[in-house]
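Structure record follows, encoded as structure tokens.
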Amino acid sequence: MIKKIFISTGEYLLFMKQVLRKPEKWRIFWRQLILESDKLIISSILLVGVISFFIGGVLVIQTASNLENPIIDKMYIGYMVRESLILEFCSTMVALILAGKMGSNIASEIGSMRITEQIDAMEMMGVNSAGFLVLPKLVASTLLSPLLMLFSLVLGLIGGYIVVEFTQIIPTPSYITGIKAFYNGFYVFYSCFKMSLFCFLISSIAAFNGYYAKGGSLGVGRSSTTAIVVTSILILLFDLIVTQLMLY
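One rule links them: number in the numbering used here = place in the sequence shown (from 1) + 1255.
Right under this line is the structure:
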């Protein structure tokens, strides 16, 4: 098991060395980058928005039910909801969701190209198939994913606001005051950095598993499943590491 992990890590690093080479034709790269941005990031907006909206509402209800002490100002409920969204939910939870959507998409797409020998044909023509197929996905997901995090934050706060407005679980002015109080811009940077790192892991690991898929359609399915499982574990591991390094 340990030997297999080291072998896979070495193969992954060699694969990334091939992926990160300078593009041979920049015009084609930019065109692919735009297409991948639409397919990987823009297509995820609806899913991320809906989930974030309901998470924000649930956080308000749960936080309010645990802070019923009359001594505690109700504005701290809004503050705690905002901090929870920024520090963890809008980066880590959204990344875990994208690991399923984005990761399976990339792994199955590249895996299908491998078993139908399209990648072999590219290599026969002298094309750096790993760079051509993977680099635009890697750049698009890494650079644009912080926008998903910010969008998730906004929708989460709106979801909390609507729950407060309709249920009056706490006074609406207290919620608004809370989400404005004690704002720390570094926390937003920290969350955006985590999101970029997580999406780099998602796209690169999914591409790696798809690129080396074998065994027909069953192999493509296995590569997608492996990519999702490995990426989810690494997201939680790097969440712990980055939090320790950046917040303490």
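Just so you know, even glycine gets a beta-carbon here, dropped at the ideal spot from N, CA and C.
Boundaries of the alpha helix (DSSP H) in which residue i is found, first to last residue
i: Tyr1331; result: Met1330 to Ser1339
i: Ser1478; result: Gly1471 to Leu1502
i: Leu1577; result: Here the chain covers residues 1256 to 1503 and nothing more, so residue 1577 does not appear.
i: Leu1314; result: Ile1300 to Asn1321
i: Ser1367; result: Val1349 to Ile1370
Three-way DSSP call (helix, strand, coil) for residue i in this model
i: Ile1326; result: coil
i: Gln1423; result: coil
i: Lys1277; result: coil
i: Tyr1383; result: Inspection of the sequence shows that residue 1383 is occupied by Asn rather than by Tyr. In this structure, Asn1383 counts as coil in the three-state DSSP scheme.
i: Phe1437; result: coil
i: Met1520; result: The structure shown does not extend to residue 1520, since the chain spans only 1256 to 1503, so no value can be given for it.
With 16 other Cβ atoms within 10 Å as the buried cut-off, status of residue i
i: Arg1282; result: exposed
i: Phe1421; result: exposed
i: Gln1423; result: exposed
i: Tyr1334; result: buried
i: Pro1325; result: exposed
i: Met1357; result: buried
i: Gly1471; result: exposed
i: Ala1376; result: exposed
i: Tyr1254; result: Given a span of 1256 to 1503 for the chain in the structure shown, any question on residue 1254 remains unanswerable.
i: Gln1287; result: buried
i: Glu1323; result: exposed
i: Phe1437; result: exposed
i: Ser1298; result: exposed
i: Glu1372; result: exposed
Cβ shell of residue i (< 6 Å), same chain only, five flanking positions each side left out
i: Lys1449; result: Ser1346 and Val1497
i: Ser1429; result: Lys1329 and Met1330
i: Thr1397; result: Ser1451, Cys1454 and Phe1455
i: Tyr1445; result: Met1501
i: Ala1462; result: Ile1361, Ile1365 and Val1389
Own chain residues within Cβ distance below 7 Å of residue i, not counting five before or after
i: Ile1425; result: Ala1319, Lys1329, Ile1332 and Val1419
i: Ser1459; result: Met1271 and Leu1393
i: Val1475; result: Ser1363, Gly1366, Ser1367, Ile1370 and Ala1468
i: Ile1490; result: Thr1347, Ala1350, Leu1351, Ala1354, Phe1453 and Leu1456
i: Leu1342; result: Tyr1442 and Ser1446
i: Met1404; result: Cys1345, Ser1346, Val1349, Ser1446, Cys1447 and Met1450
i: Ile1483; result: Ala1354, Gly1355, Gly1358 and Ser1359
i: Tyr1267; result: Phe1463
i: Pro1391; result: Phe1284, Gln1287, Leu1288 and Glu1291
Residues near residue i in its chain [Cβ-Cβ closer than 8 Å; skip 5 each side]
i: Thr1427; result: Tyr1416, Val1419 and Glu1420
i: Gln1273; result: Asn1383, Ala1385 and Gly1386
i: Leu1504; result: As displayed, the chain neither begins before 1256 nor continues past 1503, which places residue 1504 out of reach and without an answer.
Distance cut-off 7 Å: residue i Cβ against heavy atoms of the ligand ADP
i: Phe1270; result: Ligands displayed in this structure: none; no statement on the ligand ADP is therefore possible.
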